[in-house]
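Engineer: Position 12 of the sequence shown, counted from 1, bears residue number 33 in our numbering, the numbering being contiguous throughout. Beta carbons: idealized from backbone N, C-alpha and C, even for Gly. Structure below; questions to follow.
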Amino acid sequence: MKATQTTQNYISTSQAAKMLGLSVGTVQRMVQNGAFKAFVTDGGHRRILSSSLQDYCKQHGLSPDLPARLENQPQVCILHDVEHMSPAIQRLGEWACVTVMTHPLDLMDIGQDLAVLFVDARIAWLHASPVHLQNARLQDAHIVLYNSECLPSNSPFHAVRHLQLFPDDISTDLVDGYLLSLRHLRPQAALCH
Numbered sequence: 022m023k024a025t026q027t028t029q030n031y032i033s034t035s036q037a038a039k040m041l042g043l044s045v046g047t048v049q050r051m052v053q054n055g056a057f058k059a060f061v062t063d064g065g066h067r068r069i070l071s072s073s074l075q076d077y078c079k080q081h082g083l084s085p086d087l088p089a090r091l092e093n094q095p096q097v098c099i100l101h102d103v104e105h106m107s108p109a110i111q112r113l114g115e116w117a118c119v120t121v122m123t124h125p126l127d128l129m130d131i132g133q134d135l136a137v138l139f140v141d142a143r144i145a146w147l148h149a150s151p152v153h154l155q156n157a158r159l160q161d162a163h164i165v166l167y168n169s170e171c172l173p174s175n176s177p178f179h180a181v182r183h184l185q186l187f188p189d190d191i192s193t194d195l196v197d198g199y200l201l202s203l204r205h206l207r208p209q210a211a212l213c214h
């Protein structure tokens with residue numbers, strides 16, 4: 022069931038579970054049984070196509086605009102080294118406006134303009150090719166390179182505008198701080214967790 026992400030909006034099983042009032046396990050089984058169109062990330066996380074969830078809601082007499090709650094929130098992506106998955110990354114992956122990615126192809130098909138992209142400097146392939154930084158949706162994103170002490174001197178990240186270096190690993194507090202600052206910049210944006 023593995024596939025690559027397209028320009029559609031995807032949500033996690035925990036987000037869908039909250040919207041539907043179901044357990045995460047139930048939603049995961051619904052994905053396996055084909056109730057939702059979804060894909061599985063390299064990290065093993067299921068992502069449900071938001072329009073598929075909307076169709077399900079319509080078919081079952083639920084509010085069809087439930088996934089639209091995500092549209093007014095600032096979009097935050099975290100590109101994390103798959104070899105260093107942590108409980109903090111798992112928690113962040115459950116937040117409504119946060120997308121956790123572990124594969125370079127995920128960057129090529131980001132579905133909407135990003136407010137913030139958090140990048141783990143420990144990801145070796147990031148420093149080999151700058152092609153992933155050319156995505157038009159990344160051009161105005163603020164990029165936070167965490168674990169920055171692992172940044173090689175020849176990395177293309179040295180030339181990226183809107184880059185902030187953060188020496189430590191990512192945390193829920195770090196992401197929450199950025200979301201709070203985004204909320205001040207965009208007062209209509211709701212907090213996502």
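Any idea what DSSP makes of C98, helix, strand or coil?
Structural biologist: Taking the first residue of the sequence shown as 1, we reach residue 98 at position 77. Here C98 sits in strand by DSSP.
Engineer: Who are H163's beta bridge partners in DSSP?
Structural biologist: Indexing the sequence shown from 1 puts residue 163 at position 142. H163 pairs with V137.
Engineer: CA-CA distance, T25 and T62?
Structural biologist: The residue you call residue 25 lines up with position 4 of the sequence shown. The residue you call residue 62 lines up with position 41 of the sequence shown. Confidence at T25 is low in this model, with a pLDDT of 40, below 50, so its placement is unreliable and no value can be given for it.
Engineer: Return the bridge partner residues of L186 from the DSSP annotation.
Structural biologist: By 1-based counting over the sequence shown, the position of residue 186 is 165. DSSP output for L186 lists L166 as bridge partner(s).
Engineer: Within its chain, find whatever has a CB closer than 6 angstroms to the CB of K58; leave out the 5 residues flanking it on each side and keep chain order.
Structural biologist: Position 37 of the sequence shown, counted from the start, is the residue given in the question as residue 58. Within the same chain, K58 has close Cβ partners L70, S73.
Engineer: Of the residues R112, L195, I144, F139, which one's Cα is nearest the Cα of H183?
Structural biologist: Here residue 183 corresponds to residue number 162 of the sequence shown, with the count starting at 1. Looking at the Cα atoms, F139 is the closest of the given residues.
Engineer: In its own chain, which residues sit with a C-beta less than 6 angstroms from the C-beta of Q185, not counting the 5 before and 5 after it?
Structural biologist: Position 164 of the sequence shown holds residue 185. Around Q185: V165.
Engineer: Any idea what DSSP makes of V152, helix, strand or coil?
Structural biologist: For the purposes of this step, residue 152 is identified with residue 131 of the sequence shown, where counting begins at 1. Reliability fails at V152, whose pLDDT of 48 lies under 50, so the model's placement of it is uncertain and no value is given.
Engineer: For M122, write down the residues that DSSP places opposite it in a beta bridge.
Structural biologist: Your numbering for residue 122 matches position 101 in the sequence shown. Looking at the DSSP assignment, M122 forms a beta bridge with L100.
Engineer: D141: buried (16+ other C-beta within 10 angstroms of its C-beta) or exposed?
Structural biologist: Taking the first residue of the sequence shown as position 1, residue 141 is located at position 120. Buried, since its Cβ has 16 or more Cβ neighbours within 10 Å.
Engineer: How would you call Q96, buried or exposed, if buried means at least 16 neighbouring beta carbons within 10 angstroms?
Structural biologist: As a position in the sequence shown, residue 96 is number 75, starting the count at 1. Buried, since its Cβ has 16 or more Cβ neighbours within 10 Å.
Engineer: Quick one: give me the first and last residue of the alpha helix (DSSP H) that R143 is part of.
Structural biologist: Looking up residue 143 in the sequence shown gives position 122. No alpha helix (DSSP H) holds R143; DSSP gives it neither H nor E.
Engineer: Out of N175, A136, Y167, A149, point me to the one whose CA is closest to L201's CA.
Structural biologist: The sequence position of residue 201 within the sequence shown is 180, counting from 1. Comparing Cα positions, the closest option is A136.
Engineer: Going straight from the alpha carbon of S169 to that of D189, what length do you get?
Structural biologist: Locating residue 169 in the sequence shown gives position 148, counting from the first residue. Locating residue 189 in the sequence shown gives position 168, counting from the first residue. Looking at the two C-alpha atoms, the distance is approximately 7 angstroms.
Engineer: L215 lies in the alpha helix (DSSP H); which residues open and close that run?
Structural biologist: Residue numbering for the chain in the displayed model covers 22 to 214; residue 215 lies beyond these limits and cannot be assessed.
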